[in-house]
């Protein structure tokens, strides 16, 4: 099987045998590992001022870098970040996204599962807008829901247009964070009102178009995990142990038909001892592999700037040795 096929079968919670799939939502350590600026940082510079030839060189280089990351660290999936618009709350540039995806496919065929951000639901507001957003949930809920409808329509319109370009993208990672380390930002009732209808609709429509969906949130998602699971994502990421989220407890809540991704403690990878990291990585593998299916090995966030590269590489070495269903 290709890496893509193994990843898809894992998202379907089918038994695959052999090595457990792995990937990172983002691998930001590209300067240290490859001597290259991470792709997501390039669009914040002078993309719109570049000539076509310079843009083409960047697209080629970014595609190569995504593939180099996947090859070196055994990733089955690649999360692309095609432009800054996604992080400003607007849809990505369709042409740039298509260009990058086509280039990766030309270089690698269908070897890897390709995904990008595609979450129209509200995340925790930043500090500048949190008070206003909180007040609006109580005083103007209809305004927020109208905005949610427009955000949903934009996401589905983008997905449909990309789908018309051919089978370039396999799925979306829905990256709106809902939770702090202690509890969700939204109460269960607020989550039902402001998130669930739109999360359910976007997941249903993505599936109808042939896309897979991975719902991401850091923090303590346990109080709302059943609500998320009932919306039927294909997988849930990142199952944050720094917020006391365990793979075993998450599996009990979501059942056997939703894949689980993550749970290696990022905090330990950054500041713990080697032995603490080793034991946590082994714990994550042991708990994730227990059912023999539906598990993707990953950190509880991403390989973020500031994480020691040697710790990421230690994690991958342990995964290569112990993350094999046939050697349990």
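In the working numbering, the protein residues as written are 371 to 698. C-beta atoms are modelled at their ideal positions from N, C-alpha and C, and glycine is treated no differently. A quick note: this is a predicted structure, and the numbers were derived from the prediction, not measured.
Of the residues the options, the one placed nearest residue i, counting alpha carbons only
i	options	result
residue 429	444, 450, 445 and 652	450
residue 661	628, 677 and 552	628
residue 399	374, 478, 419 and 443	443
residue 371	481, 470 and 608	481
residue 693	409, 387 and 606	387
residue 553	587, 576, 664 and 574	587
residue 648	637, 672, 688 and 617	688
residue 568	535, 519 and 529	519
residue 679	691, 559, 666 and 644	644
residue 401	421, 389, 439 and 375	439
residue 389	674, 659 and 560	659
residue 636	674, 599, 618 and 495	674
residue 378	582, 424 and 631	582
residue 560	512, 576, 535 and 523	512
residue 574	403, 522 and 407	522
residue 405	425, 431 and 617	431
residue 690	445, 424 and 421	445
residue 646	592, 684 and 528	684
Environment of residue i [buried if 16+ CB atoms lie within 10 Å]
i	result
residue 597	buried
residue 625	exposed
residue 373	buried
residue 525	buried
residue 508	exposed
residue 696	exposed
residue 366	Summary: the structure shown does not reach residue 366, with the chain confined to residues 371 through 698, and so no result is reported for it.
residue 473	buried
residue 392	buried
residue 656	exposed
residue 410	buried
residue 396	buried
residue 433	buried
residue 427	exposed
residue 537	exposed
residue 558	exposed
residue 498	exposed
residue 566	buried
residue 650	buried
residue 654	buried
residue 572	buried
residue 505	exposed
Own chain residues within Cβ distance below 8 Å of residue i, not counting five before or after
i	result
residue 486	449, 450, 451, 452, 456, 462, 467, 539, 542 and 543
residue 437	448, 474, 477, 478 and 482
residue 412	428 and 432
residue 642	635 and 650
Residue i, DSSP secondary structure in three states
i	result
residue 421	coil
residue 591	coil
residue 581	coil
residue 398	coil
residue 564	helix
residue 451	coil
residue 632	strand
residue 542	strand
residue 372	coil
residue 654	helix
residue 556	coil
residue 515	helix
residue 667	strand
residue 608	strand
residue 698	coil
residue 524	helix
residue 647	helix
residue 392	strand
residue 550	coil
residue 408	coil
residue 529	helix
residue 432	helix
residue 673	strand
C-beta contact flag for residue i and residue j at 7 Å
i	j	result
residue 394	residue 620	no
residue 564	residue 514	yes
residue 633	residue 609	yes
residue 677	residue 639	yes
residue 601	residue 570	yes
residue 670	residue 611	yes
residue 385	residue 585	no
residue 533	residue 500	no
residue 599	residue 381	no
residue 592	residue 615	yes
Spatial neighbours of residue i in its chain, beta-carbon cut-off 6 Å, leaving aside the 5 residues before and after
i	result
residue 546	489, 491 and 493
residue 613	551, 589 and 590
residue 419	none
residue 531	464
residue 503	495
residue 577	none
Min CB distance residue i to chain D below 7 Å
i	result
residue 615	The structure shown contains no chain D; it is built from a single protein chain.
Close beta carbons around residue i, own chain, < 7 Å, minus the five adjacent residues each side
i	result
residue 435	400, 404, 406 and 409
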